[in-house]
Structure formats: structure tokens, C-alpha cells
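Line by line, the protein sequences give chains A and B.
Each step along the first sequence adds one to the number in our numbering, with nothing skipped, and position 42 is 125.
Each step along the second sequence adds one to the number in our numbering, with nothing skipped, and position 9 is 10.
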Amino acid sequence: DGGITQSPKYLFRKEGQNVTLSCEQNLNHDAMYWYRQDPGQGLRLIYYSQIVNDFQKGDIAEGYSVSREKKESFPLTVTSAQKNPTAFYLCATKSHTGELFFGEGSRLTVL
Amino acid sequence: AQSVTQPDIHITVSEGASLELRCNYSYGATPYLFWYVQSPGQGLQLLLKYFSGDTLVQGIKGFEAEFKRSQSSFNLRKPSVHWSDAAEYFCAVGSSGSARQLTFGSGTQLTVLP
Chain A
84 DGGITQSPKY LFRKEGQNVT LSCEQNLNHD AMYWYRQDPG QGLRLIYYSQ
134 IVNDFQKGDI AEGYSVSREK KESFPLTVTS AQKNPTAFYL CATKSHTGEL
184 FFGEGSRLTV L
Chain B
2 AQSVTQPDIH ITVSEGASLE LRCNYSYGAT PYLFWYVQSP GQGLQLLLKY
52 FSGDTLVQGI KGFEAEFKRS QSSFNLRKPS VHWSDAAEYF CAVGSSGSAR
102 QLTFGSGTQL TVLP
């Protein structure tokens, strides 16, 4: 099936640890995005990448890092510098018609 | 800067009743407008989109939306709500030239009463 796979679905982290969220797509889309979702705040853009080996900061990039070594993959690392990392994280790709396709999300909880 | 306002945080309707979810946007150029739906713990699914042309657009699951440039609005409607429509709904605005893609509203939570 074509789509976007995020893993893990649930992740628990101790304070001070870095964690990496995986996002893989087989839609052959060039652009990929990471959003953070908190209750009552909609979606906020963390990072985005329009092409392999290139990415740009979004509105809330502090405490996060990404890489784009392959077209299919856009992993997000939540570093210890992120002060409030507990949230629902969504990965998306953009089609040639401009709409976003989303993965099922990863819920990160800091213990 | 572009922005999206969804003034209703939570709406409750009875099954079979009509529904209208409000969305107002601020955007300097001709916007691309979207409505997405999200079930709990899931990703977002596109309901419909407006790029140009007919201002009344039809989407999946019986939803429609009307673009009103004079009111900067893109309200979502459904004539008869089903219990399975209970979810959170997000309006979004962007443009084809925007590499940053979309700006999302804060969402409207829909509860459907039996």
C-alpha cells in the first residue's frame, strides 16, 4: 500500500534523553514535513524538506533536528534541549497538487 | 503573515441535524484552502480543497465548503450528520508558491448526540 509510515506509535522518554521518530513514505513525494500537535493549538510546523539533503526550520524548530538522506525518509530527533517534548508528532508529504498526506502520528511522553 | 481562525472550539449536534463549521482566514494573495478531519490518535485526512474556480466545493463523506472571498471565509457544511462524523476538524490555508505549505487553524471538536 502507498502511504506514510510513522514509528513508533507510542514512545516514552526520560528527561535528558534524545529520541528519534521515524517517517518513511512510498508516495514518491519530494516534500516532507514534521508537525507538532498539542491540545487546542492545532498543528505547528517543526521542520520541512523540499528535496533530499536540504531542509528548513519551521516555526518551532528549537530542540529538534532532522535529516533527509533519502527521498523516502525524514527522521525527527527530539533532543534534550526541547523543554516540553510531550506531544503528538505528525509527519506529512506534499503531493504535486499541493495537498498534504499525513502519517498516523507518534505520541511522545516524557516521564 | 497568513492565519486561520476557527472560532468554535467545540460543537455538539444531534445525529441527522445539519452542520456548519466556521473558518476565517487572513492571506495576502489568492489562497489555497483545505479542510481536514482527525479521529482520536490518528493522522489527518483531507476532506476537500479549494484552489480556484467554482466557489462551492464537494468533498468526501458528504461534506461541502463554500469559499467567500468578501468574507474571507471557507465554512464546512454537511446537511445530515452521522455519528461517525464525530472527530476534530481543521481548516488550513496556503499557496502553491509557499514552500512552508499550510497554516492550520486550532481545530473544532465535533460531538454527535444519538
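From the three backbone atoms N, C-alpha and C, an ideal C-beta is built for every residue, glycine too.
Might you give, ordered along the chain, the residues of its own chain that have their beta carbon closer than 6 angstroms to the beta carbon of B:H11, omitting 5 neighbours on each side? Within the second sequence, residue 11 of chain B is the residue found at index 10, counting from 1. Answer for B:H11: Q110, listed in chain order.
If you compare alpha carbons, which of A:T192, A:G188, A:V193, A:A164 is closest to B:L45? As a first step, residue 45 of chain B is located in the second sequence; it is residue number 44 there, counting from the start. Out of A:T192, A:G188, A:V193, A:A164, A:G188 has the C-alpha closest to the C-alpha of B:L45.
If you scan the segment 16–53 of chain B from start to end, which runs of the beta strand (DSSP E) of 3 or more residues do you find wholly inside it? Counting whole runs of 3 or more residues, the segment 16–53 of chain B contains the beta strand (DSSP E) stretches 20–22, 25–27, 33–39, 45–51.
Helix, strand or coil, according to DSSP, for A:K97 in the structure here? In the first sequence, residue 97 of chain A corresponds to position 14, counting from 1. A:K97 falls in the coil class under three-state DSSP.
My output table needs one value for B:S85: the three-state DSSP class, helix, strand or coil. Along the second sequence, read from residue 1 onward, the residue named residue 85 of chain B stands at position 84. It is helical.
Neighbour list for B:S107 in chain A, Cβ cutoff strictly below 7 angstroms: Reading the second sequence from its first residue, position 106 is the one you call residue 107 of chain B. Neighbours of B:S107 on chain A, chain order: G123, Q124, G125.
Taking C-beta to C-beta, are A:E116 and A:R127 nearer than 8 angstroms? Taking the first residue of the first sequence as position 1, residue 116 of chain A is located at position 33. Taking the first residue of the first sequence as position 1, residue 127 of chain A is located at position 44. A quick correction: the sequence has Tyr, not Glu, at residue 116 of chain A. Contact flag unset, no.
If I follow the unbroken beta strand (DSSP E) through A:A114, where does it start and stop? Position 31 of the first sequence holds residue 114 of chain A. Unbroken beta strand (DSSP E) run through A:A114: 114–120.
Residues of chain A with CB closer than 9 angstroms to the CB of B:Y33, please, in chain order. Residue 33 of chain B sits at position 32 when you count from the first residue of the second sequence. Ordered by position in chain A, the residues that pass the 9 angstroms Cβ test against B:Y33 are G181, E182.
Closer than 8 angstroms at the beta carbon, the chain A residues around B:F91: Position 90 of the second sequence, counted from the start, is the residue given in the question as residue 91 of chain B. Residues of chain A passing the Cβ test: G125, L126.
Paired residues, beta bridge with B:G95 - DSSP: In the second sequence, the residue the question calls residue 95 of chain B occupies position 94. In the DSSP secondary-structure assignment, B:G95 is bridged to B:Y33.
How many angstroms separate the CA atom of B:A18 from the CA atom of B:F91? On the second sequence, residue 18 of chain B is found 17 positions in, with the first residue counted as 1. On the second sequence, residue 91 of chain B is found 90 positions in, with the first residue counted as 1. B:A18 and B:F91 have their C-alpha atoms spaced approximately 20 angstroms apart.
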